[in-house]
Amino acid sequence: MIVKRTGRLVVLATVPAAVFLTLGLSGPALAQGGKAYQIDLAQLNESGSRGTVMLSLKGNQLTVRIESEGMVPGQPSAQHLHGSTKGHDFHCPDASDDTDGDGILSNTEATVDYGDINISLTTSGDTKATSGLAVERMPVADNLGKLSYNRTITVGQDVVDHIKDLHVVQHGIDRNNDDKYDFDGAGKSELDPKLPQEATAPTNCGEVKGASVGAIPVGGIETGGGAPRRAAAPTTTMTGAALAAAAAMAGAAAIKRRRTAPVPVPVRTENTGKAA
Numbered sequence: 000m001i002v003k004r005t006g007r008l009v010v011l012a013t014v015p016a017a018v019f020l021t022l023g024l025s026g027p028a029l030a031q032g033g034k035a036y037q038i039d040l041a042q043l044n045e046s047g048s049r050g051t052v053m054l055s056l057k058g059n060q061l062t063v064r065i066e067s068e069g070m071v072p073g074q075p076s077a078q079h080l081h082g083s084t085k086g087h088d089f090h091c092p093d094a095s096d097d098t099d100g101d102g103i104l105s106n107t108e109a110t111v112d113y114g115d116i117n118i119s120l121t122t123s124g125d126t127k128a129t130s131g132l133a134v135e136r137m138p139v140a141d142n143l144g145k146l147s148y149n150r151t152i153t154v155g156q157d158v159v160d161h162i163k164d165l166h167v168v169q170h171g172i173d174r175n176n177d178d179k180y181d182f183d184g185a186g187k188s189e190l191d192p193k194l195p196q197e198a199t200a201p202t203n204c205g206e207v208k209g210a211s212v213g214a215i216p217v218g219g220i221e222t223g224g225g226a227p228r229r230a231a232a233p234t235t236t237m238t239g240a241a242l243a244a245a246a247a248m249a250g251a252a253a254i255k256r257r258r259t260a261p262v263p264v265p266v267r268t269e270n271t272g273k274a275a
């Protein structure tokens with residue numbers, strides 16, 4: 000079964016300092032004047048992977064931070080922003096996209112739902128769609144299957160205007176549980192017969208939806224995979240006593256009111272080393 004679970008947006012501007020700590024969002028200050036979106040990555044292909052993506056947009060500078068787990072240990076994960084900046088409706092796929100019924104959602108099958116690559120989330124060099132197969136510049140999971148990514152990218156006005164129409168997809172599965180991409184798990188990739196399907200199939204997806212906010216958090220990101228996202232309305236940033244008051248009301252237990260300042264990739268196979 001292929002699980003579909005859309006991400007959840009957290010409107011960060013109104014979250015008090017105490018709540019930032021529970022989310023793992025910490026740091027000395029909040030940058031003002033930007034838009035921030037937090038979404039969950041939900042597993043595809045029964046991969047067991049999950050994660051959290053933070054998108055922070057200031058002008059045409061997009062900072063992408065990803066923390067995911069359940070990835071294939073020691074293997075690169077091709078990752079992209081998919082979707083449309085032309086008003087087309089794309090979203091994360093589900094089991095109905097496995098049109099050949101082989102039990103594996105291939106990249107080609109999933110593209111019907113999540114659209115073509117808009118930005119390749121590489122670790123260095125360009126981030127064009129043409130770099131979607133640049134596995135040597137994609138992040139690599141550690142020996143526990145955890146992956147961290149942080150990069151600021153200059154984007155076009157079309158991305159700025161349509162950021163909520165895009166979503167994140169990570170690729171790479173381990174169908175036969177041998178901690179590597181190989182042909183024994185799921186056969187050949189439909190993108191390149193020299194590559195194993197395990198290297199190119201999507202492992203998770205999270206939709207970018209929600210309202211813009213007035214502050215960009217600085218610091219760590221929680222590992223997601225929790226409850227479905229709930230929509231949120233635009234809000235303004237709170238500071239000082241107002242932030243403290245929000246903290247007092249937001250806690251599961253009573254919190255004493257006080258004034259505070261705003262808290263403030265090579266594939267281990269015999270193949271070419273590419274993924275999609």
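Here numbering that gives the first Met the number 0 is used: position 73 in the sequence shown is 72, and no number is missing along the way.
Glycine is no exception: its CB is placed at the ideal position from the N, C-alpha and C atoms.
Since this is a predicted model, take the numbers as computed values, not measurements.
- Under the 8 Å Cβ criterion, the stretch 145-154 counts as touching the stretch 49-68, having at least three qualifying pairs.
- The Cβ atoms of GLN60 and PRO138 do not sit closer than 9 Å to each other.
- The closest CA to that of GLY205, considering only LYS163, SER55, VAL168 and ASP183, is found on VAL168.
- With a 10 Å radius around the Cβ and a threshold of 16 neighbouring Cβ atoms, ASN44 comes out buried.
- Residue burial annotation: LYS34 is buried, with at least 16 other C-beta atoms found within 10 angstroms of its C-beta.
- Look at THR202 here: in three-state DSSP terms it is strand.
- Around the C-beta of ASP173, 16 or more other C-beta atoms lie within 10 Å, and the residue is accordingly described as buried.
- Burial check for VAL111: the Cβ neighbour count within 10 Å stays below 16, so the residue is exposed.
- Uninterrupted beta strand (DSSP E) stretches at least 3 residues long and entirely within the stretch 93-129 occur at 116-119, given in chain order.
- If you draw a straight line from the Cα of VAL207 to the Cα of ASP164, it comes to about 7 Å.
- Take LYS57, set aside five residues on each side of it, and the residues of its chain with a beta-carbon closer than 6 Å to its own are GLY33, in chain order.
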